[in-house]
Each structure stands twice: as structure tokens, then as C-alpha cells.
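Heads up: the structure comes next, in C-alpha cells.
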Amino acid sequence: MNRQQLSKTYWINHLNLAMTALALYACMSLLPASATEAVFKAAVPKHFPPQYSTQLNGEPTGFAIDVLNAVAARANIKIDYQTYESWPQVMAAIDNNEVDLIPNLGITDARTPRYLFTDPIEAFPIVIFVRDTNSKKIKNIADLAYHTVGLVAGNVAKNHLKDNDSLTKITYPNVRLALFALLSGEVDAVIYPKQAFIGMANIIGVDNKIKIAGEPILEVKRAIATRKDHTKLISVLNSQLSSFIESKEFEEIYYKWHGKPKPYWNMERVSLLVIGSLLVIFIFVGLWRYFSLSKLNSRLRETIRQREKVESALTATQNLQRTLLDNLPDLVWLKDGNGFYLDCNTQFEKLIGKRREQIIGHSDFQLVSHQAAQNMRTEDLKSIAKGSAITNEEHVVYADGSEVEIETIKAPLFDYQGDLIGVLGVGRDITERKHYEEQVTRQAHFDNLTNLPNRFLILDRLSQMILDAKRENKMVGTMFVDLDDFKKVNDILGHDTGDAILLEASKRLCSTIRQGDSVGRIGSDEFVLIFGGLSDEIGLQIIAEKLLSRFKEPFTIKDRKLVITASIGISLYPNDTATPADLLRNADAAMLYAKNEGRNTYAFFTKSMNAGVTRRLQLEEHLYNAISNDEMQVFYQPKINLSTRRIVGAEALIRWSNEQLGAISPAEFIPLAEQTGVISEIGKFVISHALQTVSGWQKLYDETFNIAINLSPRQFKDNGLVQFIEQTMTAHHINGSTMEMEITEGVLMNAGRQVSNTLTSLNELGIKLSLDDFGTGYSSLSYLRHYPFDILKIDRSFINDINSDSEDYALVHATIDMAQALSLTVVAEGIETEEQLSALQEMQCPLGQGYLFGKPMPANEFEALLKQQSEQN
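If you're matching positions, the sequence shown starts at 1007 in my numbering and goes up one per residue.
Structure below.
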């Protein structure tokens, strides 16, 4: 056997010995603990490596377990371990006296009053973990301001940061979910004990995806914790703990779970020492041979005997090594420098589809396809050229046809002279991990229901289209499609029907676009279509009309035919804007314009739309906080007895003034409040303030003073409306006969049982019901017959021309006569001139209001009028 072969055999033997030692060491950790006398229950979490973890047989293990077992054995006590899913459950167990102790718990100010602690066993740092890509941006807690931070329930880090309001905090039940949240981008960082988080990352196989940012933010000491009533147990544990921590046994446990420092005598130095010793021996043998041939022969015979002994041991070692290699789940192989196989394990045999004896001595070119062999040889040569291990991911097809993804590590082996011995390779199946990564990537870029690109991906594609259009001097079109009245379908027919409609809508949209264009879903019923390489806008117009036609076709869902139309907004690059976000925003503005135009249509973006959308967004932003910011105020417009010209009541009207926007017209913000639902809060504000104010006026000036309050259609959807009005009346001692609730015909046109019940309940409280703006809608007389109205208010549009338009005069006169015949009180709105007043007096109209008598005014100004009228009496 030549020197090179001896060297190869030497390295293979060392590898075999190392792997054998690793297997034996793993087996030793599974030996059961001996029985003891006193029994105490200990609560441990299932997953908190390296402190706690769970073996395949369900038994707990870890650093904290081994330490407690060793101390318990010295103290002659037995531990019964109870495992829990999370730290909050562990803490609850000891707080509820279900267990006696926790093997290893961080000592904090909040926990010290609750538990007894032994002397500290170790200290551990709390650090900031970030994704590898964020490691340069975040260095400390200050850098996390306004970022989303993941915490784990029950961990000391959560309590440490409870007063830090600059962080957006999300709490997870366990460290595994916190790690997944960090990897998926749900949080920007996780704050957790260093060893535990790294241990979990190692188990999952993603330790290369995370980094520690900056220095530790906190260092916490750990100790065994017991209930407050276990003072004797603490004393016993402390008596054994100090000597145990100084012992060799504790050092071995610590190194077992935290890793042992790299020894000075590594393989390379040992090899050099052995080689040097052999050289000295050879020199000594040569000299000895020179002086005494007989002694040399004796030494040679002894050497032969020793060699036979070593070869026998080597054979046993090789057999053990073969057993270990063949039972590994990973692929393992060894090649020489020319690419010929020297050895492999059973898993590698399955990959190639041949026996080990058929593989050894052959190269990849003799075993697999030429292309696959060429790729393998290229990776081998890269490892040899680099002089160290390289990692690669490969798609592999087994001999049985199954396909997997494997992660390979290939490392060159050199002898002591630096000559290449061969290449060692290890491969691990990472198919499940790759599948998870692909799933996370897909969830980040695609809509879960329709599998269409989401907002993030559609904006990315739009950016690329803009770059191409800029280079080719073309246009890019963006369509914003919103399904009309989709929310009603969801509310009435359920989300299953809504989802089915969205799926069918996505199919119709996809069937309309060209190859190379994209459709994305960015909201509940909002879709975006992007078109590249356009020469003009005519093509977009044709597509929009085609889409409207497609959506007029009924959706057949569960044997029901539903017609769901669409409103479409269109924006163009470079005509309207140059950025993807602005294109999307402009198309959205155009879509809103199309909805306001009656829906089931399309509109191209104009600058005036942008101004309108900007104004709407400003109003909506400030409207939500208008009441809490004390920007809303109730005004009162006098209601007059037209025959005496005395104030007999008032109509309560809401007014809004904002520091930035100034005074906003009710005609502008009331419809917006209806759409956003804020009108319910505004309505209650008006009712509460109006009744409180009128209560004082009735006591001071006129106990029959009447107040009229408007109710919007949206308020009738509030099941608690009548109860709120009744409670407010009771609180301010208001009689229902002095109250009017004004509603418009719009409430009655789609009135259901709830509207009818609400009107009936208000009437039962003695409140008068007033039909507002009569004559402007359908003016259906059936409303007056079916609902318990007391008052009819004639709209100002008929009063304006009562003196110049004979038809308006006749209509008003007829309305007054009809109302009197039905025993309804009439109120004329918008009286501005004495001529209008005289005409109404001739028609015997009893009540009226308008600028002739007074504009809507604050409560203090209105009260001044009441006071003046009272003094005149």
C-alpha cells in the first residue's frame, strides 16, 4: 500500500471514528433517570430550546431538565414533569398550584413577589432578532420605533417593553409562531432570549435566515422557581446547587446543551503531531538498525504484531462506521480527486439505483446522464478550487422516478502535505422546507381566494410596464374595477355566495385581457387590470365596454341568477402620471366618478377628479374625529306661527367648522357621513344636545316649545335608536308631544319592517312624525295613509315662486287643503319675503320657517330671541 493510499485510509478512519462517537454520545443522552423518594411536580414548556424541548417519546429534555434532575438526585427527591404548550400555560399552572416548581425561570421584579427562587444558575441575554435582509437597518430598540415587533406570551421581554408605546407589538403564544412571523415579514423583529430563539431556528433549519441586531437589550438571570409555600424545598435545592455548579457534572451538562469551546488539539494539530512522531520513530529505527540488526528484527516483528492488532480494530471500526452511515437519513458519498467513487451509504444507493459495489470505482459519467454528471463534476471542481466546503441546492430525480430537492455540502479532503485526497459530499432532503418557502412567497404576492396577483405584485408589474413603455415610447393603461352593490350581496346572501361571485368575476376579467397584460385583486371587490405597449386610449375604451357587457350577463350561483354590474376607472401613463402608485390612485378616482354617475359605466381620469377625491379624503379624515374634537355644533332655526309671527318652536340643524377646512356645508358632509356610517353618531349628538337645550328653554320661556330633529335613513338601521331617544327624553324631562322627528320620502321608499316598527315606536312615545321636503320625491299619498304622520313640510322649491308661478301657487294651496282634510299640520319651508308670507296666510298655512324670520343660529343667539319675545309679552 503506497503513501497516498495510506493517507486516504487515515482520513476515512478519522471520519468514521468521529461519526461513531457522535452516535454513541446521542445514545447516552437517552438513559433514564433513577428513582427518588420525595416527588414534586415541575411545569415545563414543550418548545424552548436549549432549556426545554420534547423527545419523540414525549419526554421533556433540555439544559434545565438535566440540571434539575442532577440537583434533585443529590437532594434525594423525584421530579414529575408536566408539559405545556406555552409559557403562559406554565405560569398559570404554578399560579393555580397545579405544580410545585419551574426548572429554570428568569428572575424579574414582577416575578420575585410571586415565587421563591434558588441561587442563579446562569444568565441569558435578551436580544433583537431580525431577518438577514434587515440586519443593517436595525441596531437597537430606538431603531424599532414605529416598526412591528413580535413578542412571546409569558416571556420577560414582553413585560420589559410594556411601557414602550413607540413599538407596534404583536404577542404570539409560542416561539415557533414568532419565528414564522419574522420569516414571513408579518413582524420586522422579534425580541427574545438569544439561545432559545437560535435553538428553535436550528430545529426548523432557518438559522441562516435570521440575524442578531446590535447588543443585548437586557440580561436576565435564571434559577429554579417554586411556589411561595415551598421555603423548605428552596432551602434543600440551594444546599445542593452551589456545589453542583462547581462540579464537573454541571460543566458537562452545560457543554452538552450550549456547545463546548473548540479544543486546542484539533484534528489538524493531532495529525501533525502523529506524523512528526512517526518521523522520529522512523529515524530512531534507522539508527537502531545501524547498530543492531537483531534488535531491529525484534522491533519489526513487534510492529507486525501491532499492525495486525490495529488492522483488526480498524475492521471493527469500519463495520461500525458502515452501520452508522447506512442508517443515516442523509446521502453521504466520497470521491477521489478524479471524480471516481470511493464509498457511499445506502441512501445514496437509492438515488443512483445501484448497489454500493456497482458504484465504487465508477464516475458520475458512468452512472447518470451526461448533463447531470457534468453538473456534479462542476460542483466538485468548485469545491476543490475554493479549498473549503460549498453548499448548493439541487433538484434530484431518484432511480425510482421520485423527485426531491436536496441541499448538498461538498468539501475537499487534503493530506498533511496539501495534496488532494478526494471530495466528501453530504445531501439532505429539503423538499418540505422548499415547499414552505414557496408557500410563503406565494402568500406574499397572490390573493388567496382568486390566485390573482395582490397589490404588491401588481404594482411591481406595473413598474416594469412603465419602464418598458418609457423605453419604447408607448403608453400604459390601468383599469380600476369595482363591483356595484357587492356588499349588499355579501350581507344578504352570505360570504360563500360573495366568494363565488368574486371567482367568476376574476375569470371574466382574465378572459378579456391580452397576453402579457395582468389582472390583480387589491380589495374585497376591487380589481386592477394593467395594459402595456399601448399606442392610444381607444383600445382601453373597447376593453372597458367589453367588460361592462360581460358583467351584464347574470352570475349563476347556487341555481340563482344574479346581475352584478361594475364601475370602471381608467388612468394612462404618461398622460396622467408617471408612477405606479399614482396611476392606481387616479384610476380609483375615476372609478368613484363612474359610480357617482350612476354605476355600470366607465370613466377616464381627469385632474378635476383628483381634486374631488382629495377633498373627499380630507373630509373623511377629519369627519371621524369631528365630534371628539368639539368641531360639531347644533344650530336652531325658528319655527313661526304665521298668523301671530311668534316663535313656537325650532328645527335642530348640525353645523361643522374645522380649523384646516373651515366651515363645511351640510350638503357636502351629510352625504359623506351617510356613506361612512358616521351619521349615526352625529344623529345621537344632535338629539342629546337639542333635548338638553330645549329642556332649559321650556322651563324658562314656554313649556309647549316644540323641537324638530331630522332622522337619516342610516339611523333607522340602528336597533337601539328608539331606546336612546326614550332615555334622552327621560334624562331631560322632555314630553313627547313637544318633539318632532323629520324623515324624508327616501326612508320610506325602501322601508322594511324595521322602519315601520321604528316609526310606530316613536309614535307610541308621543313624538310627532313629520314628512320632510314633501313634493320633491314621489309624493306618494300612500305614505300618509300607511304611516302615522302628524306634520307635512312643504319644500322651499315650491315656496320660492309662489308669487310668480300660478302652478306653484296652486300646488301649495292644494297641499294645504289636503293636509287639513287629513288632519295634518302644515309647515312651509324657505319663507324669505313678506309677499310669500302674505300668500301663505291667505291659504291659512299655520306654520312656517325661513330667512324672513331667522337663519339657523347658535343656541345663545336663539335664546336671546326667546328672551326678547318673552319680555314683549
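Just so you know, even glycine gets a beta-carbon here, dropped at the ideal spot from N, CA and C.
Query                                                                                                             : Result
Asn1103, buried or exposed, once every other Cβ within 10 Å from all chains shown has been counted against 16     : exposed
Beta strand (DSSP E) runs contained entirely in the region 1779-1842, provided each spans 3 or more residues      : 1797-1800, 1831-1835
Per-residue DSSP class, three states only, for Val1105                                                            : coil
In chain order, each beta strand (DSSP E) run of at least 3 residues that lies wholly inside the region 1494-1531 : 1524-1527
Leu1285 versus Gly1424: straight-line alpha-carbon distance, rounded                                              : 18 angstroms
Residue range of the alpha helix (DSSP H) that includes Ile1685                                                   : 1685-1706
Residue nearest to Leu1509 in terms of C-alpha spacing, selected from Glu1091, Asp1169, Gly1526                   : Gly1526
Own chain residues within Cβ distance below 8 angstroms of Leu1843, not counting five before or after             : Leu1648, Ile1837, Gly1854, Leu1858
Heavy atom of the ligand HEM within 6 angstroms of Ser1524 beta-carbon                                            : With respect to the ligand HEM, the structure shown offers nothing to examine, as it has no ligands at all.
C-beta neighbour in chain B for Ala1070, strict 7 angstroms                                                       : Any reference to chain B falls outside this structure, which holds one protein chain only.
Length of the line joining the Cα atoms of Gly1504 and Glu1559                                                    : 16 angstroms
Ala1737 classed as buried or exposed, judged by whether at least 16 other C-beta atoms fall within 10 angstroms   : exposed
Continuous beta strand (DSSP E) stretch holding Leu1858: start and end                                            : No beta strand (DSSP E) holds Leu1858; DSSP gives it neither H nor E.
First through last residue of the beta strand (DSSP E) which encompasses Gly1668                                  : 1668-1670
Limits of the alpha helix (DSSP H) - the one that Val1402 falls within                                            : Taken as a continuous stretch (DSSP letters only), Val1402 belongs to no alpha helix (DSSP H), being part of the beta strand (DSSP E) at 1396-1403.
Residue(s) in a DSSP beta bridge with Lys1047                                                                     : Asp1086
Endpoints, the beta strand (DSSP E) within which Ala1078 is located                                               : That residue, Ala1078, is in no beta strand (DSSP E); its alpha helix (DSSP H) goes 1069-1081.
As assigned by DSSP and simplified to three states, the class of Ser1004                                          : No statement about residue 1004 is possible, as the shown extent of the chain runs from 1007 to 1879 and does not include it.
Selection from His1053, Ile1544, Lys1164 that minimises the alpha carbon distance to Leu1173                      : Lys1164
DSSP-derived helix/strand/coil call for Pro1586                                                                   : helix
Whole runs of the alpha helix (DSSP H) within the region 1193-1241, excluding any shorter than 4 residues         : 1200-1210
Contact set for Ala1229: own chain, Cβ-Cβ below 8 angstroms, skip 5 residues either direction                     : Asn1110, Leu1111, Ile1113, Phe1123, Thr1124, Asp1125, Pro1126, Ile1127
Counterpart residues of Arg1661 in DSSP-defined beta bridges                                                      : Gln1639
Residue burial classification, Arg1566 (beta-carbon count within 10 angstroms, cutoff 16)                         : exposed
Helix, strand or coil at Asp1542 according to DSSP, with G and I counted as helix                                 : coil
Through-space distance from Asp1708 to Leu1728, alpha-carbon basis                                                : Here the sequence assigns Val to residue 1728, which means Leu is not the residue at that position. Their backbone Cα atoms lie some 26 angstroms apart in a straight line.
DSSP three-state assignment for Leu1183, whether helix, strand or coil                                            : helix
Simplified DSSP assignment, three categories, for Ala1319                                                         : helix
Integer-rounded CB distance, given that Met1747 should sit under 8 angstroms from Leu1717                         : 5 angstroms
Contact between the region 1141-1156 and the region 1227-1247 (3+ Cβ pairs under 8 angstroms)                     : no
Beta-carbon proximity check, Pro1094 vs Gly1191, cutoff 7 angstroms                                               : no
N- and C-terminal bounds of the beta strand (DSSP E) containing Ala1609                                           : 1608-1610
Integer-rounded CB distance, given that Ile1797 should sit under 8 angstroms from Ser1776                         : 4 angstroms
Short Cβ contact (7 angstroms threshold) for Val1155 with Ala1207                                                 : no
Integer-rounded CB distance, given that Val1338 should sit under 8 angstroms from Val1432                         : 6 angstroms
Among Glu1438, Asn1454, Ile1390, Lys1356, the one whose alpha carbon lies nearest that of Gly1407                 : Lys1356
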